[in-house]
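Here this note's numbering is used: the first residue of the sequence shown is 96, the next is one more, and so on. We put the beta carbon where it would ideally sit given N, CA and C, even for glycine. Remarks on the structure that follows.
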Amino acid sequence: MRLLVDGLLTREGFDVATCARGEELDRLLERRRVDLVLLDLMLPGEDGLSICRRLRNAPVQTPVIMVTAKGDDIDRILGLELGADDYVAKPFNPRELVARVRAVLRRTREAHSTARPMPRETYRFGGWTLDAPARRLTDPQDEEVELTGGEFDLLLAFVTHPQRVLTREQLLDWTRGRDATPFDRTIDVQLSRLRRKLRDDFRAPTVIRTIRGGGYLFALPVAKS
96 MRLLVDGLLT REGFDVATCA RGEELDRLLE RRRVDLVLLD LMLPGEDGLS
146 ICRRLRNAPV QTPVIMVTAK GDDIDRILGL ELGADDYVAK PFNPRELVAR
196 VRAVLRRTRE AHSTARPMPR ETYRFGGWTL DAPARRLTDP QDEEVELTGG
246 EFDLLLAFVT HPQRVLTREQ LLDWTRGRDA TPFDRTIDVQ LSRLRRKLRD
296 DFRAPTVIRT IRGGGYLFAL PVAKS
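Here is the structure:
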């Protein structure tokens, strides 16, 4: 499959390097900048989920698209919870793969674009602090809590619209922009992951509440400075 994907993406104009194992990927990342990792979860040696976890803990965040077996929902959900940006199931349509690669690269460029207005405020809620310019979240004990890009965008949408019901469509639009689709489930995984990081009890949430038939509400008051 590596050779097929290599040929497909090369024909589409991408500069492609392939790796058979996690160690090869590590050596590649040491030598050159990588804009996107297309990660098969079924690898010899270290599995794809472990590699995804390491990539998310690395100082330089590299976007990841997981390649999973068709119907392998558990691995797909775990991968998204670990911070993968998207996924594609085997066997996949070549045009779908190319479209997903382009979409993730486009979102990454837009997220880092200097032309895009960046928030300048710091937001405080329930003892937590979100430093928007630094994209940094600290808990009430002043310990930093790591957020993926998607989690940060989602939390920023909530703290800039506190105590207001936000529909799923609004959250999709604000966090994924023109790449969002009505059936995009990535935001549901990000929401679950964000609640866990905010230590919000899923049985009786007090930070992000689900409003039946309406959407979601960030229930805490937010102070901006």
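By the Cβ criterion, the segment 147 to 160 is not in contact with the segment 99 to 113, since fewer than three pairs of Cβ atoms, one from each stretch, lie closer than 8 angstroms.
Residues of the same chain with a CB within less than 6 angstroms of the CB of S320, apart from the 5 flanking positions on each side, are T217 in chain order. By the CB criterion at 9 angstroms, L136 and M161 fall inside the cutoff.
The beta carbons of D234 and R288 sit no closer together than 9 angstroms.
Around the beta-carbon of E238, fewer than 16 other beta-carbon atoms lie within 10 Å, marking it exposed.
Remark: C-beta atoms of V302 and L315 approach each other more closely than 9 angstroms. By the 16-neighbour rule on beta-carbons within 10 angstroms, I146 is buried. The shortest C-alpha to C-alpha distance from G143 to any of F109, W269, D130, Y182 is the one to Y182. About 15 angstroms separates the Cβ atoms of T281 and R151, ruling out a contact at the 8 angstroms cut-off. Beta-bridge partners assigned by DSSP to M161: L134, Y182.
Take the alpha-carbon of E118 and the one of L177: they are about 20 angstroms apart. It is roughly 19 angstroms from the alpha-carbon of D268 to the alpha-carbon of Q258. Cβ-Cβ distances below 8 angstroms link L131 to T157, P158, V159, I160, V196, V199, L200, T203 in the same chain, with the five nearest sequence neighbours on each side left out; the list follows chain order. Excluding sequence positions up to five before and after D101, its CB lies within less than 7 angstroms of the CB of V111, T113, all in the same chain and listed in chain order. One thing to note: G309 has its Cβ within 9 angstroms of the Cβ of V260.
Contact between V284 and L175 holds: CB atoms are separated by about 4 angstroms, below the 8 angstroms threshold. A straight-line Cα-Cα distance of about 39 angstroms links T262 and L124. Within the segment 105 to 156, the beta strand (DSSP E) runs of at least 3 residues that lie entirely inside it are, in chain order, 132 to 135.
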